[in-house]
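Position one of the sequence shown corresponds to residue 878 (this note's numbering), numbered consecutively onward.
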Amino acid sequence: MKKSFRVVIIMAGEETKTALVVVVNPIIEGRLKSVLSRRGWAIEICDDGDKAVDEYVKLRPDLTFLALDIPSMDGHIAALEIRESHATARLVFVTSKSRLEKAEDAAYSAGAVATLVTPLTKLQIDESWDMIMGKIPDAPGVADLDALYPEMGVAEPLMPPISIMPEFPPLPAMPQATAESPLVKAKSKKLRNFLLLLIIAGGSIGVANFLGYIDIQPAIDKLLAFVQ
């Protein structure tokens, strides 16, 4: 894994400036190091797009070089996030000829000051230096950053909240047993027969009822009514 490192050459009478290089290409990094160090610049190397945004916020470099194809975050998005964090960030895109059109679109969107085409040469950088250090354009893409690259939202719940759950129909009421229901009639008949047999087996009362001397039917009916 590559480590960040800084090359510092201080020229007498000049304030040291810092450049952040996020191109993930050792040849391009070496070329930029060579050219910028001659101008007395300190160089910070970063090999990750997402980390580059954090590095920019921490260092506030005077100049940032970005490629489009960088790990973890597209260079265009990284440039937009940098401009969103710092409105006057000075950005330069570095690209191959085959991706020049896309790099120029990204440069316009992020308000980059220049687009350099590989292979980089000292002459190319020197000839572009006035433009690189010139006026910083507006970054129209920053206004559309959230719409173009929305953040991942919170996962939706598997079930809707209780407050919006649909109402289910009530369960049907269980039928109430009545004196006229077949089940109650059957139970009453069995109970009546059982009581009759019990009373008859009891002795004299059963005999008296059988001979007609007494009528125990009203008492049986009351007992049945009480049991029900």
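Here a beta-carbon is modelled for each residue, glycine too, at the ideal position from N, C-alpha and C.
Cβ shell of residue i (< 6 Å), same chain only, five flanking positions each side left out
{"i": "Lys894", "result": "Trp918, Asp939"}
{"i": "Ala956", "result": "Leu943, Leu968, Ala987"}
{"i": "Ile1002", "result": "Val912"}
Cut-off 8 Å between Cβ atoms - residues of its own chain near residue i, not counting five sequence neighbours on either side
{"i": "Ala896", "result": "Leu909, Leu913, Trp918, Ala919, Ile920, Glu921, Pro938, Asp939, Leu940, Thr941, Phe942"}
{"i": "Gly952", "result": "Val899, Gly926, Leu943, Ala944, Leu945, Asp946, Phe970, Ala983"}
{"i": "Tyr933", "result": "Leu897, Thr941, Ile959, Ser962, His963, Ala966"}
Residue i - DSSP class collapsed to helix/strand/coil
{"i": "Ser905", "result": "Here residue 905 turns out to be Ile, not Ser, going by the sequence shown. Three-state DSSP puts Ile905 in a helix."}
{"i": "Lys894", "result": "strand"}
{"i": "Ile1115", "result": "Any property of residue 1115 remains undetermined from this structure, which presents the chain solely from 878 to 1105."}
{"i": "Val900", "result": "coil"}
{"i": "Asp1015", "result": "coil"}
{"i": "Met1008", "result": "helix"}
Proximity of residue i and residue j at Cβ, strictly below 9 Å
{"i": "Asp931", "j": "Val899", "result": "no"}
{"i": "Val969", "j": "Thr995", "result": "no"}
{"i": "Glu981", "j": "Val1019", "result": "no"}
{"i": "Ile1009", "j": "Val990", "result": "yes"}
{"i": "Lys935", "j": "Ser949", "result": "no"}
{"i": "Leu1022", "j": "Ile947", "result": "no"}
{"i": "Leu977", "j": "Thr992", "result": "yes"}
Buried/exposed call for residue i, threshold 16 Cβ in 10 Å
{"i": "Gly1011", "result": "exposed"}
{"i": "Glu892", "result": "exposed"}
{"i": "Leu945", "result": "buried"}
{"i": "Glu1004", "result": "exposed"}
{"i": "Lys880", "result": "With a pLDDT of only 47 at Lys880, under 50, the local geometry of the prediction cannot be trusted, and the value read off the model is given with reservation. The residue in question, Lys880, is exposed, as its Cβ has fewer than 16 Cβ neighbours within 10 Å."}
7 Å Cβ shell around residue i - same chain, five flanking residues per side excluded
{"i": "Lys1108", "result": "Any question about residue 1108 goes unanswered here, given that the chain covers just 878 to 1105."}
{"i": "Ile1013", "result": "Thr965, Arg967, Gly988, Val990"}
{"i": "Val901", "result": "Asp924, Ala944, Ile947, Pro948"}
{"i": "Glu906", "result": "Val898, Val900, Ile922"}
Q. Taking only runs of the beta strand (DSSP E) that begin and end inside the segment 925–998, which ones reach a length of at least 3 residues, in chain order?
A. 940–943, 968–972, 991–994
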